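Below is one structure, written out as structure tokens; the observations come after it.
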Amino acid sequence: MDSFVDAYDEKVRPLMDKIDQIRTLLSSNNDGVNFPNVVVVGDQSSGKSTLLESLSLVELPKGSGIVTRCPLVLRLRKSIQRKVYRLHDDNKKELLDENELNILKYIEEETKELAGNNKNVVETLIELLVEDPNLRDLTVVDLPGIARNPIGDQPKNIHEQTTNLIRKFISQEGSVILCVFPANVDIATVESFTLAREYDPDGIRTIGVITKSDLAPNQDALAQQLLMNKPDVFQLTLGFIAVRNRTTDEKISLTDAHKREKEFFNNHPVSSIVGWHCLGINALINRLADLYSDRVKEIFPKMRNEIRMKLKDIREQLSKFPPDLDTPSARLAKYHELMEFYVENVLKVCFSPSSDGQITSMSNTLHIKFEKYTDIIRQYTGELFTDKYRIKVSTAISACIGEQLPNFLPHPVLKRLICEKLDQLWTATDILINECFRIVLKLLMDNNNNSNQYKDDILLMKLIPAFRDIVDLYLNEKNQIIHNQLHEMIRLEKQDPYTIDSFYNNKIERFRNYLTKLNSKNNVEQKKPLLLEKEYDDDDDELMFKSILNVDQAVQEMIYSVYSYWRLLTKRFMDYTALTLRAACDFDVCAGVQERLRHLPIEQCDFVDSHLAEDVFTKTKRKQLQQTKERLEKIDAILGGHSTTTLANHTFIGSISMEDNSFMTLDKLAQSITPPPS
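Following the numbering used here, the numbering of the sequence shown begins with 360 at its first residue and continues without gaps.
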């Protein structure tokens, strides 16, 4: 049997050695790699420490209360000669001379150094490598016993500290959970089993170890628990093992304790019922060693794959990491590269024409706004056909009677009426301009927020807030320019009604001819039917003709003069407005922003350096990734196998806000206009 065990251990031993080499490299890092371990958990004074002494052949601290205050990792390896080592970082081994050094005292001192003199627990490991001819290859982790209530100077949250530490270790899928409890305690009250079931509900990696078997109050109950042959006893796939170790007060050697245990079970009635595979420390050692070997064989390929996947991920992160731009010229060149990328791949996509009709293009969006704008102007035109407007014109003309010859239109009245319509035209135009620019700004800001093209580019991410500010600044300035440009046209129109376009004269002439024919005695019978097709250019002309049929001649002439000039100026102004806004809000945006971004390093000499010079965070992150990569490459070889302040000095004129719902819109304006009576 021993020769078979030795042969099996020798086959698994190389894998264990590789795992031991990488354990230290990974233990202090959050790499998420599962190690094969045997994790020993139990309540205070459950016999954990004496059990581990029997497993490891090393005398350990024991007593009442919390003796183990930090995880103690014992790597047990079969060897020709007995040696004990303290393992440090990077697999450095310190030989501990058991002839000159009391291992028990050494562990106590190391615990004080790591956990302090208080009674709290810490996660820092103490690792020992024990080589001995009488050991089986195994790695066990001794954890602090579960403390339910603080005693003396123990921290108030001592229960939380101990259970959280236990959860951290038993949650790893590669761990075998060794739940230790004394025979004189009801298993239903053992908290370590409750914790184990949180992470191993089916009990497939949990072993129950019954200590202090000599104190079992009911021998039949002990046998039933070991056999698990009744539904009312605790069930574990890996079963239970009963042991009888030396107590803390007994001054006998471990060898003598093993002999006494064997004699104890030889004379115990349970041995005739359950068999020796469930009794004694040797049965536990063999079962754990076999399980540990199986775990190593199972987990080793997974561990190697996990390491390679993590190494691949780290390399990908480093490849996306920005280059170290150590000179101003390198940073400036990189700035222009990133700026061109931003314009081409973030801004221009917003203005691309819709190829399949699924996405509305900016040109189409603006066209819809222009149509709404046109409808509103048509409503303003309709006001000229109302009784209210005829009364207004008549009152204005009456107020001027006697100031000039009766056959001349009062020019001040004509100018005032046209200026009033121009005010209406500007109201709608002002709202249209703001609404178009808000649409563009929202589109660009939303696309900036939702774009995944630059999420992994750290340098571009550092520039994006500044680029957004430039876009915002450019659009606000352009908004103001378009406002000034179109408002200047309104101002020129208000100076004096004037045109060299024949449209106005032709329209006036047609109205006069129509009225002349209408008033001719020769056309009394057929005046309207004969003129409809010849004189009406559109529906508005027809409404105009109808609205002035039965009014005073001076009022007629004033209204159709205002109407004709209004049609002329809206025709030329609305087309120019639409062309101007199409250019400003669609065709010129990318080029305009690009030009501003190109000049930014000239206007602000420190801008590029302040954004692209490597900061502490980037340096630290790069260093961490590089160190992780080197560490994982070592492990892989062992396993056999990778905010913006730059624009604070700018003043935003007429800044566009996307959040303010109080802005007038074309829809609101259209609703506010009272439609003329039909």
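Just so you know, even glycine gets a beta-carbon here, dropped at the ideal spot from N, CA and C.
Computed from a prediction, not measured in an experiment: that's the story for all the values here.
Asked, Found
"On the three-pair Cβ rule with 8 Å, is the segment 839 to 849 touching the segment 906 to 922?", "no"
"Helix, strand or coil for Cys429 per DSSP?", "coil"
"Between Arg957, Asn396, Gln380 and Glu418, which has its C-alpha nearest Phe700's C-alpha?", "Arg957"
"Curious, which full-length beta strand (DSSP E) runs of at least 3 residues does the segment 583 to 615 contain?", "599 to 601"
"Starting from the C-beta of Ser630, find all residues in its chain whose C-beta is less than 7 Å away, skip the five residues before and the five after it, and write them out in chain order.", "Phe624 and Leu638"
"Identify which residue in Gly598, Arg507 and Lys669 has its Cα closest to the Cα of Gly634.", "Gly598"
"Would the beta-carbon of Leu791 fall within 7 Å of that of Tyr873?", "no"
"Using CA coordinates, which residue listed in Val544, Leu502 and Gln520 is at the minimum distance from Ile529?", "Leu502"
"Report the residue from Thr427, Thr939 and Leu818 whose alpha carbon sits nearest the alpha carbon of Lys837.", "Thr939"
"Applying the criterion that 16 or more other CB atoms from any shown protein chain within 10 Å of the CB defines a buried residue, is Arg564 buried or exposed?", "buried"
"In the DSSP assignment, what are the bridge partners of Ile485?", "Leu431"
"Take the Cβ of Leu908 as the centre, count every other Cβ of all protein chains shown within 10 Å, and call the residue buried at 16 or more, exposed below.", "exposed"
"Around the Cβ of Ser678, are there at least 16 other Cβ atoms within 10 angstroms (buried) or fewer (exposed)?", "exposed"
"What residue range does the alpha helix (DSSP H) around Ser408 cover?", "Lys407 to Ser415"
"Going residue by residue through the segment 626 to 708, where are the continuous beta strand (DSSP E) segments of at least 3 residues, counting only ones entirely within it?", "none"
"Quick one, which of Val500, Cys944 and Arg869 has its alpha-carbon nearest Leu427's?", "Looking at the sequence shown, residue 427 is not Leu but Thr. Residue Val500 is the option with its Cα nearest to Thr427."
"Does chain C have any CB closer than 7 Å to the CB of Arg603?", "You won't find chain C in this structure, because it holds only one protein chain."
"Have a look at the DSSP bridge pairing and note the partners of Phe540.", "Ile569"
"According to DSSP, what are the bridge partners of Lys452?", "Leu446"
"Hey, Pro856 and Tyr924 are a contact pair by Cβ (cut 8 Å); roughly how many whole angstroms apart?", "5 Å"
"Using the rule of at least 16 other Cβ atoms within 10 Å of the residue's Cβ for burial, across every protein chain shown, is Tyr935 buried or exposed?", "exposed"
"Considering just the uninterrupted stretch of the alpha helix (DSSP H) at Asp899, what are its terminal residues?", "Asp898 to Ser906"
"Does the separation of the CB atoms of Ser413 and Asn604 fall below 7 Å?", "yes"
"Evaluate the contact criterion for the segment 393 to 404 versus the segment 490 to 500: three or more CB pairs, one atom per stretch, below 8 Å.", "yes"
"What residue range does the alpha helix (DSSP H) around Asp501 cover?", "Segment Leu497 to Asp501 is the beta strand (DSSP E) holding Asp501; no alpha helix (DSSP H) there."
"With DSSP run on the structure shown, which of helix, strand or coil describes Ile563?", "coil"
"What are the boundary residues of the beta strand (DSSP E) that Asn843 is part of?", "No beta strand (DSSP E) contains Asn843, which is instead part of the alpha helix (DSSP H) from Ile817 to Gln854."
"I want to know whether the segment 509 to 526 touches the segment 438 to 450 - three or more CB-CB distances under 8 Å.", "no"
"Mark His447 as exposed unless 16 or more other C-beta atoms lie within 10 angstroms of its C-beta, in which case mark it buried.", "exposed"
"Considering only DSSP beta bridges, list what Asn396 is partnered with.", "Ser534"
"Is Ala758 buried or exposed, if buried means 16 or more other CB atoms sit within 10 Å of its CB?", "exposed"
"Need the endpoints of the alpha helix (DSSP H) that Met1023 sits in, please.", "Premise fails: Met1023 is in no alpha helix (DSSP H) and is neither H nor E."
"Check Asp860 in the structure and name its three-state DSSP category.", "coil"
"By Cβ distance, which residues of its chain are closer than 6 Å to Gly951, with the 5 residues on each side in sequence left out?", "Tyr833"
"Taking DSSP's pairing of strands, which residues face Lys618 in a bridge?", "Lys618 is not bridged to any residue."
"Cys944 to Val772, Cα distance in whole Å?", "38 Å"
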